[in-house]
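In this note's numbering, the protein residues as written are 10 to 246.
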Amino acid sequence: LLALTELSLIDCQLTDVPAAIGHLSQLTLLNLNKNQITELPESIGHLTQLKALCLVGNQLKQIPDSIAQLTQLTELLLGRNQLTTLPDSIAQLKKLSVLSLWKNQFKQIPQSIGQLAQLTELYFGWNKITEIPGFIGGLHQLTELSLGSNKITELPNYIGDLKQLSELSLWQNQLTELPESIGNLSQLAYLMLSDNQLAELPLSLANLTRLNNLSLTGNIIKALPNELSHLQAIAEF
10 LLALTELSLI DCQLTDVPAA IGHLSQLTLL NLNKNQITEL PESIGHLTQL KALCLVGNQL
70 KQIPDSIAQL TQLTELLLGR NQLTTLPDSI AQLKKLSVLS LWKNQFKQIP QSIGQLAQLT
130 ELYFGWNKIT EIPGFIGGLH QLTELSLGSN KITELPNYIG DLKQLSELSL WQNQLTELPE
190 SIGNLSQLAY LMLSDNQLAE LPLSLANLTR LNNLSLTGNI IKALPNELSH LQAIAEF
(Lines of atoms letter the chains of each structure in order from A and count residues from 1; the text may use other names and numbers.)
(Lines give C-alpha, C1' and ligand atoms only; values in the text may rest on other atoms or scores of the structure.)
Protein backbone atom coordinates (compact mmCIF):
# COMPACT_ATOMS: atom_id res chain seq x y z
CA LEU A 1 0.00 0.00 0.00
CA LEU A 2 2.70 2.41 -1.05
CA ALA A 3 0.32 5.37 -1.52
CA LEU A 4 -1.13 5.11 2.01
CA THR A 5 -1.06 8.41 3.92
CA GLU A 6 -2.86 7.46 7.15
CA LEU A 7 -2.78 4.20 9.11
CA SER A 8 -4.74 3.75 12.33
CA LEU A 9 -4.69 0.45 14.26
CA ILE A 10 -5.99 1.43 17.69
CA ASP A 11 -6.66 -1.25 20.33
CA CYS A 12 -5.83 -4.25 18.09
CA GLN A 13 -3.68 -6.21 20.57
CA LEU A 14 -0.60 -5.71 18.39
CA THR A 15 2.66 -6.82 19.98
CA ASP A 16 5.00 -6.07 17.10
CA VAL A 17 5.61 -3.43 14.43
CA PRO A 18 7.23 -5.14 11.43
CA ALA A 19 10.27 -3.63 9.77
CA ALA A 20 8.24 -3.48 6.55
CA ILE A 21 6.39 -0.47 8.00
CA GLY A 22 9.30 1.52 6.58
CA HIS A 23 8.02 0.91 3.05
CA LEU A 24 5.00 3.17 3.69
CA SER A 25 7.00 6.25 2.83
CA GLN A 26 3.94 8.44 2.16
CA LEU A 27 2.46 8.07 5.63
CA THR A 28 1.65 11.35 7.38
CA LEU A 29 -0.24 9.77 10.31
CA LEU A 30 0.54 6.53 12.15
CA ASN A 31 -1.72 5.79 15.10
CA LEU A 32 -0.95 2.63 17.10
CA ASN A 33 -2.50 3.69 20.41
CA LYS A 34 -3.65 1.11 22.97
CA ASN A 35 -1.75 -1.95 21.86
CA GLN A 36 0.98 -4.10 23.46
CA ILE A 37 3.95 -2.98 21.40
CA THR A 38 7.28 -3.36 23.19
CA GLU A 39 9.66 -1.87 20.61
CA LEU A 40 9.84 0.01 17.33
CA PRO A 41 11.99 -1.04 14.36
CA GLU A 42 14.77 1.25 13.16
CA SER A 43 12.90 1.36 9.84
CA ILE A 44 10.40 3.74 11.45
CA GLY A 45 12.91 6.39 10.41
CA HIS A 46 12.03 5.80 6.76
CA LEU A 47 8.64 7.45 7.27
CA THR A 48 10.04 10.87 6.42
CA GLN A 49 6.63 12.40 5.58
CA LEU A 50 5.16 11.52 8.97
CA LYS A 51 3.59 14.44 10.83
CA ALA A 52 1.91 12.58 13.71
CA LEU A 53 3.12 9.45 15.49
CA CYS A 54 0.76 8.13 18.18
CA LEU A 55 1.84 5.29 20.47
CA VAL A 56 -0.12 5.97 23.66
CA GLY A 57 -0.84 2.99 25.89
CA ASN A 58 1.80 0.49 24.79
CA GLN A 59 4.79 -1.11 26.54
CA LEU A 60 7.68 0.76 24.96
CA LYS A 61 10.89 0.96 26.99
CA GLN A 62 12.96 2.84 24.43
CA ILE A 63 12.70 4.81 21.19
CA PRO A 64 15.12 4.09 18.31
CA ASP A 65 17.68 6.72 17.26
CA SER A 66 16.24 6.64 13.76
CA ILE A 67 13.35 8.78 14.96
CA ALA A 68 15.64 11.72 14.16
CA GLN A 69 14.87 11.16 10.48
CA LEU A 70 11.19 12.11 10.98
CA THR A 71 11.94 15.76 10.28
CA GLN A 72 8.33 16.60 9.34
CA LEU A 73 6.95 15.36 12.67
CA THR A 74 4.81 17.88 14.55
CA GLU A 75 3.12 15.55 17.09
CA LEU A 76 4.75 12.73 19.07
CA LEU A 77 2.42 11.05 21.56
CA LEU A 78 4.10 8.49 23.84
CA GLY A 79 1.98 8.59 26.99
CA ARG A 80 1.37 5.47 29.07
CA ASN A 81 4.46 3.50 28.21
CA GLN A 82 7.53 2.44 30.23
CA LEU A 83 10.05 4.96 28.96
CA THR A 84 12.82 6.22 31.23
CA THR A 85 14.67 8.32 28.65
CA LEU A 86 14.67 9.50 25.04
CA PRO A 87 17.45 9.26 22.44
CA ASP A 88 19.51 12.44 22.08
CA SER A 89 18.61 12.35 18.40
CA ILE A 90 15.12 13.59 19.22
CA ALA A 91 16.68 17.07 19.21
CA GLN A 92 16.62 16.84 15.39
CA LEU A 93 12.82 17.05 15.30
CA LYS A 94 12.86 20.80 14.73
CA LYS A 95 9.17 21.01 13.69
CA LEU A 96 7.85 19.18 16.74
CA SER A 97 5.03 21.11 18.35
CA VAL A 98 3.37 18.59 20.69
CA LEU A 99 5.32 16.12 22.84
CA SER A 100 3.37 13.93 25.23
CA LEU A 101 5.18 11.65 27.68
CA TRP A 102 2.71 11.41 30.54
CA LYS A 103 2.58 8.25 32.68
CA ASN A 104 6.03 6.86 31.95
CA GLN A 105 9.03 6.29 34.25
CA PHE A 106 11.07 9.47 33.73
CA LYS A 107 13.11 10.70 36.70
CA GLN A 108 14.29 13.77 34.80
CA ILE A 109 13.35 15.71 31.70
CA PRO A 110 15.81 14.75 28.92
CA GLN A 111 18.16 17.60 28.00
CA SER A 112 17.55 17.04 24.28
CA ILE A 113 14.05 18.48 24.72
CA GLY A 114 15.62 21.87 25.33
CA GLN A 115 16.52 22.04 21.62
CA LEU A 116 12.93 21.65 20.43
CA ALA A 117 12.37 25.36 19.98
CA GLN A 118 8.97 24.99 18.27
CA LEU A 119 7.32 23.06 21.11
CA THR A 120 3.96 24.50 22.13
CA GLU A 121 2.68 21.63 24.30
CA LEU A 122 4.77 19.48 26.66
CA TYR A 123 3.17 16.80 28.84
CA PHE A 124 5.17 15.02 31.56
CA GLY A 125 2.48 14.26 34.15
CA TRP A 126 2.55 11.01 36.17
CA ASN A 127 6.31 10.46 36.11
CA LYS A 128 9.00 10.62 38.83
CA ILE A 129 10.54 13.99 37.98
CA THR A 130 12.11 15.89 40.89
CA GLU A 131 13.14 19.17 39.26
CA ILE A 132 12.42 21.47 36.33
CA PRO A 133 15.70 21.98 34.43
CA GLY A 134 16.86 25.40 33.28
CA PHE A 135 16.50 24.68 29.57
CA ILE A 136 12.70 24.58 29.98
CA GLY A 137 12.84 28.35 30.40
CA GLY A 138 14.18 28.58 26.85
CA LEU A 139 11.12 26.96 25.26
CA HIS A 140 9.53 30.32 24.55
CA GLN A 141 6.74 28.96 22.32
CA LEU A 142 5.21 26.78 25.05
CA THR A 143 1.51 27.39 25.65
CA GLU A 144 0.85 24.26 27.75
CA LEU A 145 3.18 22.68 30.32
CA SER A 146 1.87 19.70 32.29
CA LEU A 147 3.95 18.32 35.18
CA GLY A 148 1.26 17.05 37.54
CA SER A 149 1.81 13.99 39.76
CA ASN A 150 5.59 14.12 39.99
CA LYS A 151 8.03 14.82 42.86
CA ILE A 152 8.95 18.41 42.08
CA THR A 153 9.95 20.40 45.17
CA GLU A 154 10.69 23.79 43.61
CA LEU A 155 9.27 25.97 40.86
CA PRO A 156 12.31 27.89 39.52
CA ASN A 157 12.36 31.60 38.68
CA TYR A 158 12.86 30.92 34.98
CA ILE A 159 9.29 29.64 34.76
CA GLY A 160 8.48 33.33 34.32
CA ASP A 161 10.30 33.33 30.95
CA LEU A 162 7.51 31.26 29.35
CA LYS A 163 5.52 34.32 28.34
CA GLN A 164 3.19 32.41 25.96
CA LEU A 165 2.08 29.91 28.59
CA SER A 166 -1.71 29.64 28.94
CA GLU A 167 -1.90 26.37 30.93
CA LEU A 168 0.39 25.25 33.75
CA SER A 169 -0.32 22.03 35.65
CA LEU A 170 1.70 21.27 38.77
CA TRP A 171 -0.84 19.41 40.88
CA GLN A 172 0.28 16.61 43.21
CA ASN A 173 3.90 17.59 43.65
CA GLN A 174 5.87 18.74 46.70
CA LEU A 175 5.95 22.50 46.17
CA THR A 176 6.24 24.63 49.31
CA GLU A 177 6.33 28.04 47.63
CA LEU A 178 5.95 29.81 44.30
CA PRO A 179 8.41 32.32 42.82
CA GLU A 180 7.34 35.93 42.27
CA SER A 181 8.24 35.43 38.60
CA ILE A 182 5.05 33.43 38.11
CA GLY A 183 3.38 36.81 37.83
CA ASN A 184 5.15 37.32 34.48
CA LEU A 185 2.95 34.70 32.81
CA SER A 186 0.52 37.28 31.49
CA GLN A 187 -1.24 34.80 29.13
CA LEU A 188 -1.91 32.23 31.85
CA ALA A 189 -5.56 31.14 32.02
CA TYR A 190 -5.30 27.76 33.76
CA LEU A 191 -3.16 27.11 36.86
CA MET A 192 -3.39 23.77 38.68
CA LEU A 193 -1.61 23.71 42.05
CA SER A 194 -3.74 21.27 44.04
CA ASP A 195 -2.19 18.70 46.39
CA ASN A 196 1.11 20.43 47.13
CA GLN A 197 2.46 21.92 50.37
CA LEU A 198 1.90 25.59 49.69
CA ALA A 199 1.35 27.73 52.79
CA GLU A 200 1.07 31.11 51.03
CA LEU A 201 0.85 32.64 47.58
CA PRO A 202 3.04 35.37 46.04
CA LEU A 203 1.42 38.78 45.55
CA SER A 204 2.50 38.65 41.90
CA LEU A 205 -0.37 36.25 41.19
CA ALA A 206 -2.53 39.35 41.04
CA ASN A 207 -0.82 40.17 37.72
CA LEU A 208 -2.40 37.16 36.02
CA THR A 209 -5.42 39.04 34.81
CA ARG A 210 -6.39 36.36 32.25
CA LEU A 211 -6.54 33.60 34.86
CA ASN A 212 -9.95 31.93 34.88
CA ASN A 213 -9.19 28.61 36.57
CA LEU A 214 -7.07 28.40 39.73
CA SER A 215 -6.94 25.16 41.72
CA LEU A 216 -5.44 25.20 45.22
CA THR A 217 -7.19 22.20 46.81
CA GLY A 218 -5.11 20.10 49.19
CA ASN A 219 -2.56 22.71 50.29
CA ILE A 220 -2.03 24.29 53.73
CA ILE A 221 -2.97 27.86 52.80
CA LYS A 222 -4.68 29.67 55.68
CA ALA A 223 -5.24 33.03 54.01
CA LEU A 224 -5.30 34.47 50.49
CA PRO A 225 -3.75 37.83 49.59
CA ASN A 226 -6.32 40.60 49.19
CA GLU A 227 -4.67 41.39 45.87
CA LEU A 228 -6.24 38.27 44.34
CA SER A 229 -9.53 40.15 44.28
CA HIS A 230 -8.17 41.79 41.11
CA LEU A 231 -8.48 38.50 39.24
CA GLN A 232 -11.88 39.28 37.77
CA ALA A 233 -11.65 36.60 35.06
CA ILE A 234 -11.65 33.66 37.48
CA ALA A 235 -14.56 31.32 36.86
CA GLU A 236 -13.35 28.36 38.96
CA PHE A 237 -11.41 28.61 42.21
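Backbone N, C-alpha and C define an ideal beta-carbon position, used for all residues, glycine too.
Treat the numbers as computed from the prediction; the structure is a model and nothing was measured.
Taking residue i as the reference, which of the options has the closest Cα?
i, options, result
"Asn182", "Glu163, Leu174, Leu217 and Leu38", "Glu163"
"Thr226", "Leu151, Gly147, Leu200 and Ile19", "Leu200"
"Phe115", "Gln127, Pro50 and Leu156", "Leu156"
"Leu82", "Leu151, Gly31 and Ser106", "Ser106"
"Leu18", "Leu41, Gln196, Ile191 and Gly31", "Leu41"
"Lys103", "Trp111, Lys112, Gly88 and Thr129", "Thr129"
"Leu11", "Gly134, Leu148, Gln58 and Ser213", "Gln58"
"Tyr167", "Thr185, Trp180 and Glu140", "Glu140"
Under a Cβ-count criterion, where at least 16 other Cβ atoms within 10 Å of its own Cβ denotes burial, should residue i be classed as buried or exposed?
i, result
"Ala198", "buried"
"Asn235", "exposed"
"Cys9", "The shown model of the chain, from 10 to 246, leaves out residue 9, and the question about it has no answer."
"Asp97", "exposed"
"Asp6", "The first residue shown for the chain is 10 and the last is 246, placing residue 6 beyond what the model contains."
"Gly143", "exposed"
"Ser178", "buried"
"Lys137", "exposed"
"Lys172", "exposed"
"His239", "exposed"
"His55", "buried"
"Ile46", "buried"
"Lys160", "exposed"
"Lys112", "buried"
"Ile230", "exposed"
"Ser158", "buried"
So what does DSSP say about residue i, is it helix, strand or coil?
i, result
"Ala61", "strand"
"Ser158", "coil"
"Leu240", "coil"
"Glu140", "coil"
"Glu189", "helix"
"Ser195", "coil"
"Ser121", "helix"
"Leu212", "helix"
"Ser75", "helix"
Hey, quick one: how far does the beta strand (DSSP E) through residue i stretch, first residue to last?
i, result
"Asn40", "Leu38 to Asn40"
"Ser52", "First-last for Ser52: undefined, no H or E at that position."
"Asn182", "First-last for Asn182: undefined, no H or E at that position."
"Leu86", "Glu84 to Leu86"
"Asn222", "Asn222 to Ser224"
"Tyr132", "Glu130 to Tyr132"
"Ser203", "That residue, Ser203, is in no beta strand (DSSP E); it is neither H nor E in DSSP."
"Ser178", "Glu176 to Ser178"
"Glu15", "Glu15 to Ser17"
Review point. Are the stretch 71-80 and the stretch 113-133 touching by the rule of at least three beta carbon pairs closer than 8 angstroms?
Key: Because the criterion of three Cβ pairs below 8 angstroms is not met, the stretch 71-80 and the stretch 113-133 do not touch.
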